[in-house]
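One structure below.
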Amino acid sequence: FLMERKTRVKTNRKEIMVAKLRKSCSCTPQKLKNFLMDFFPVLRWLPKYQCKEYIWGDIMSGLVIGIILVPQAIAYSLLAGLKPIYSLYTSFFANIIYFLMGTSRHVSVGIFSLISLMVGQVVDRELLLAGFDLNDDAPPASGDGSLQNDNLSNTTALNLTIAGINAECGKECYAIGIATALTFMAGVYQVLMGIFRLGFVSMYLSESVLDGFATGASLTILTAQVKYLIGIKIPRSQGHGMLVITWINIFRNISQANFCDVITSAICIVVLVTAKEIGDRYKHKLKFPLPTELVVIVVATLVSHYGKLNEVYASSVSGAIPTGFIPPKVPEFNLMLRVALDALPLAIVSFVFTVSLSEMFAKKYAYTIRANQEMFAVGFCNIIPSFFHSFATSAALAKTLVKTSTGCQTQISGVISAMVVLLVLLFLAPLFYSLQKCVLACIIIVSLRGALRKFRDVPARYCVNKVDTLVWVVTMSASALVSTEIGLLVGIVFSMLCIIVRTQRPRTALLGQIQDTSFYEDDLEYENLSTVPKVKIFRFEAPLYYANRNYFLKSLYRLTNLDPNLEAARRKKYEKKEKQHLKKGNHKTANGLGIGETTLQLVPKQIDFQALVVDCSSISFLDTTGVNTLKEILKDYKNLNISVLLACCNPSVIDSLKRGGYFGKDFGCMQEMLFYSIHNAVLFAKDQK
Numbered sequence: 052f053l054m055e056r057k058t059r060v061k062t063n064r065k066e067i068m069v070a071k072l073r074k075s076c077s078c079t080p081q082k083l084k085n086f087l088m089d090f091f092p093v094l095r096w097l098p099k100y101q102c103k104e105y106i107w108g109d110i111m112s113g114l115v116i117g118i119i120l121v122p123q124a125i126a127y128s129l130l131a132g133l134k135p136i137y138s139l140y141t142s143f144f145a146n147i148i149y150f151l152m153g154t155s156r157h158v159s160v161g162i163f164s165l166i167s168l169m170v171g172q173v174v175d176r177e178l179l180l181a182g183f184d185l186n187d188d189a190p191p192a193s194g195d196g197s198l199q200n201d202n203l204s205n206t207t208a209l210n211l212t213i214a215g216i217n218a219e220c221g222k223e224c225y226a227i228g229i230a231t232a233l234t235f236m237a238g239v240y241q242v243l244m245g246i247f248r249l250g251f252v253s254m255y256l257s258e259s260v261l262d263g264f265a266t267g268a269s270l271t272i273l274t275a276q277v278k279y280l281i282g283i284k285i286p287r288s289q290g291h292g293m294l295v296i297t298w299i300n301i302f303r304n305i306s307q308a309n310f311c312d313v314i315t316s317a318i319c320i321v322v323l324v325t326a327k328e329i330g331d332r333y334k335h336k337l338k339f340p341l342p343t344e345l346v347v348i349v350v351a352t353l354v355s356h357y358g359k360l361n362e363v364y365a366s367s368v369s370g371a372i373p374t375g376f377i378p379p380k381v382p383e384f385n386l387m388l389r390v391a392l393d394a395l396p397l398a399i400v401s402f403v404f405t406v407s408l409s410e411m412f413a414k415k416y417a418y419t420i421r422a423n424q425e426m427f428a429v430g431f432c433n434i435i436p437s438f439f440h441s442f443a444t445s446a447a448l449a450k451t452l453v454k455t456s457t458g459c460q461t462q463i464s465g466v467i468s469a470m471v472v473l474l475v476l477l478f479l480a481p482l483f484y485s486l487q488k489c490v491l492a493c494i495i496i497v498s499l500r501g502a503l504r505k506f507r508d509v510p511a512r513y514c515v516n517k518v519d520t521l522v523w524v525v526t527m528s529a530s531a532l533v534s535t536e537i538g539l540l541v542g543i544v545f546s547m548l549c550i551i552v553r554t555q556r557p558r559t560a561l562l563g564q565i566q567d568t569s570f571y572e573d574d575l576e577y578e579n580l581s582t583v584p585k586v587k588i589f590r591f592e593a594p595l596y597y598a599n600r601n602y603f604l605k606s607l608y609r610l611t612n613l614d615p616n617l618e619a620a621r622r623k624k625y626e627k628k629e630k631q632h633l634k635k636g637n638h639k640t641a642n643g644l645g646i647g648e649t650t651l652q653l654v655p656k657q658i659d660f661q662a663l664v665v666d667c668s669s670i671s672f673l674d675t676t677g678v679n680t681l682k683e684i685l686k687d688y689k690n691l692n693i694s695v696l697l698a699c700c701n702p703s704v705i706d707s708l709k710r711g712g713y714f715g716k717d718f719g720c721m722q723e724m725l726f727y728s729i730h731n732a733v734l735f736a737k738d739q740k
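Residue 199 in the numbering used here is what sits at position 148 of the sequence shown, and the numbering runs on without skipping anything.
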């Protein structure tokens, strides 16, 4: 039987487009109100805020995250190649802006190790091209903590004419200029992606690609911090292969290790790892996580200050961290042109991590987020702070988990965290002058535990899916051994190639009938299947398109043990020989048969079926080549008196076949060529003479 399709109502696309444009261009008070409330979601949920129910959880989580943010902000400044004050600015502004524009109630937006690393790589490259020395281990100036104080040995004022900047600008000035220009461009890309609704780009970053990228970048981060752990002075490597070059330099200079830094690093790592393991083991009993990083920083700063570790043992310290805010400044346009390409992967990674975390926690706590608005929120978390000497931000999983575990209910907690950072910015920052850099490196390395533990999951991942494991390994290796940006690109391209290869060479099978049922399965995979006499059932488990056409035909001919083209050629050759014998007056054929017996010889012995059923249940679509391929096998097998029947086609495949003329002009033969189940096609084939 043939089911009747519903008639589609034809729509005038031009009228629809005009109506949408008219609606979007119109401006009414209600529409303006809805736009503002959509663009600033805080206007929707803040008036409905249940103070008695939510306030204590938000305050507690905000304080805990703020306490964690301060040491992390100072530590991650090493990754970004910038002064700690800029990390504090970033943490402050990101929390305030996401509070106004974000749709997730739980994610913690701010500095993130991978984003800081990507910013730092661009900053280091541009500093090197500008002729600055990347060695940042010179003794710090004993400044007064003011904003104008600068490290003379590292940021010697030069009259630069770089990228159009003709001003007296030192290393620190130029570094933050690069970072803000990069951040501004990343934010612009994210806003443009939001305007043009390009959030689907994140779909091409699979879980394997993201995990591999995070693990590879973590290895790069770990490598970059080793020199601080052991207190050696080596040049900061740039370009491809940075990880290998850095390790070579480390082993070459290992004899210069500062024993004070080595001992401090060993003690800090033991304390931090022990505290983390205890926290993980008893996290259900603890009301809030242990502020281990803050305790370590406070104790280490006191020991360094009163023990005079910098003066006595030449241990590298953070130096003067100014208080207050630097006057805002527009990012340099000419610098934007230099970093425009670098900002694209930064924008994509920042957005993908934020949206994936937002969706994960929204699903967990039963509410919805708007991915497009998240893109706007992250974009403006980059654009606006770039005017205030901040660098790129993203949501961070570790801080978000802490946030939810300490009772966070809304983004009010983000405002509380920002207030804690503001307190440090205004009053407490100079107290961290004597903090050793090796302590900051320890905090960064211990924070990588989650990403580095992915290596333990490789065997389990391999058992689940070998291709995904290969994607993870390739992405991780490229991110670590080449560069983070190249690694991300390699991961995306390789994962897409894997999908293409899997559709180019999909599984194919001949099906047998499950005994006493109307169901059919792969003859090689299941026991006790019965073959259907005179019928071959072929399954192709992929879309049929130009890239796998040849594989489709080769698999069909191999499994049915019949190539209709070769068989047709053999028959023509046989007929030609018979005609030659008849012309010579020989009434016997070449095989010694009579003329009447010739037709029997034309039917080869190896053809043991009279119908071919193609199971199209796994064919999701056909392109023009796919339709022509099916028409080709229909014609070729018809020449051998073998009928081709299609079963389980979806509506889009049927429409493609109709448009391609597979069923003829008037679709008269459609009922004899198309079936809604394999069993119906088999029954029809058995009834044929």
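Virtual Cβ for every residue (Gly too), placed ideally from N, Cα, C.
Beta carbon proximity, residue i to chain B, threshold 9 angstroms
{"i": "residue 108", "result": "Included in the structure is just one protein chain, with no chain B present."}
Check whether residue i and residue j have beta carbons under 9 angstroms apart
{"i": "residue 274", "j": "residue 486", "result": "no"}
{"i": "residue 344", "j": "residue 323", "result": "yes"}
{"i": "residue 595", "j": "residue 706", "result": "no"}
{"i": "residue 526", "j": "residue 145", "result": "no"}
{"i": "residue 691", "j": "residue 615", "result": "yes"}
{"i": "residue 684", "j": "residue 633", "result": "no"}
{"i": "residue 659", "j": "residue 698", "result": "no"}
{"i": "residue 309", "j": "residue 365", "result": "yes"}
{"i": "residue 185", "j": "residue 488", "result": "no"}
{"i": "residue 119", "j": "residue 436", "result": "no"}
{"i": "residue 276", "j": "residue 495", "result": "yes"}
{"i": "residue 396", "j": "residue 535", "result": "yes"}
{"i": "residue 8", "j": "residue 113", "result": "Absent from the model: residue 8. The displayed extent of the chain is 52 to 740, so no value can be given."}
{"i": "residue 413", "j": "residue 156", "result": "yes"}
Coarse secondary structure for residue i, derived from DSSP in three states
{"i": "residue 19", "result": "This structure leaves residue 19 out entirely; the chain is present only between 52 and 740."}
{"i": "residue 132", "result": "coil"}
{"i": "residue 62", "result": "coil"}
{"i": "residue 589", "result": "strand"}
{"i": "residue 487", "result": "strand"}
{"i": "residue 564", "result": "strand"}
{"i": "residue 171", "result": "helix"}
{"i": "residue 216", "result": "For residue 216, the predicted structure reports a pLDDT of 46, less than 50, and the residue's modelled location is therefore unreliable. A value from the coordinates is still provided. It is a strand residue."}
{"i": "residue 577", "result": "coil"}
{"i": "residue 384", "result": "helix"}
{"i": "residue 442", "result": "coil"}
{"i": "residue 466", "result": "helix"}
{"i": "residue 513", "result": "helix"}
{"i": "residue 210", "result": "With a pLDDT of only 45 at residue 210, under the threshold of 50, the placement of this residue in the model should not be trusted; the figure read from the coordinates follows. Here residue 210 sits in strand by DSSP."}
Presumed contact (8 angstroms Cβ cut-off) between residue i and residue j, rounded CB distance
{"i": "residue 681", "j": "residue 724", "result": "About 10 angstroms separates the two Cβ atoms, so there is no contact after all."}
{"i": "residue 271", "j": "residue 293", "result": "7 angstroms"}
{"i": "residue 440", "j": "residue 149", "result": "Rounded, the Cβ-Cβ distance is 19 angstroms, inconsistent with contact."}
{"i": "residue 253", "j": "residue 519", "result": "No, residue 253 and residue 519 are not in contact; Cβ-Cβ is about 18 angstroms, not under 8 angstroms."}
{"i": "residue 539", "j": "residue 346", "result": "At roughly 36 angstroms, the Cβ-Cβ gap does not stay under 8 angstroms, so residue 539 and residue 346 are not in contact."}
{"i": "residue 372", "j": "residue 480", "result": "4 angstroms"}
{"i": "residue 664", "j": "residue 713", "result": "With 8 angstroms as the limit, residue 664 and residue 713 do not qualify as a contact, their Cβ atoms being about 16 angstroms apart."}
{"i": "residue 282", "j": "residue 311", "result": "7 angstroms"}
{"i": "residue 560", "j": "residue 590", "result": "5 angstroms"}
{"i": "residue 483", "j": "residue 369", "result": "6 angstroms"}
{"i": "residue 153", "j": "residue 92", "result": "7 angstroms"}
Cβ shell of residue i (< 7 angstroms), same chain only, five flanking positions each side left out
{"i": "residue 116", "result": "159, 450, 453, 454, 464 and 468"}
{"i": "residue 426", "result": "241, 244, 245, 250 and 402"}
{"i": "residue 703", "result": "672"}
{"i": "residue 173", "result": "229, 233, 390 and 393"}
{"i": "residue 176", "result": "289"}
{"i": "residue 654", "result": "With a pLDDT of 46 at residue 654, under the threshold of 50, the predicted position of this residue should be treated as unreliable, though the coordinate-derived value follows. Closer than 7 angstroms at the Cβ level, and outside the excluded window around residue 654, lies no residue."}
{"i": "residue 407", "result": "none"}
{"i": "residue 256", "result": "403 and 543"}
{"i": "residue 502", "result": "265, 266 and 269"}
Cutoff 6 angstroms; reference residue i; Cβ partners in own chain excluding five residues on either side
{"i": "residue 694", "result": "662"}
{"i": "residue 279", "result": "488, 489 and 492"}
{"i": "residue 333", "result": "none"}
{"i": "residue 231", "result": "382 and 437"}
Any non-hydrogen atom of the ligand SAM closer than 8 angstroms to residue i Cβ
{"i": "residue 270", "result": "Questions concerning the ligand SAM fall outside what the structure shown contains, since it holds no ligand whatsoever."}
query: Between the segment 550-565 and the segment 588-607, do at least 3 Cβ pairs fall closer than 8 angstroms?
result: Counting Cβ pairs under 8 angstroms, three or more are found: they touch.
field: At least 3 beta-carbon pairs within less than 8 angstroms: the segment 304-314 vs the segment 326-336
entry: no
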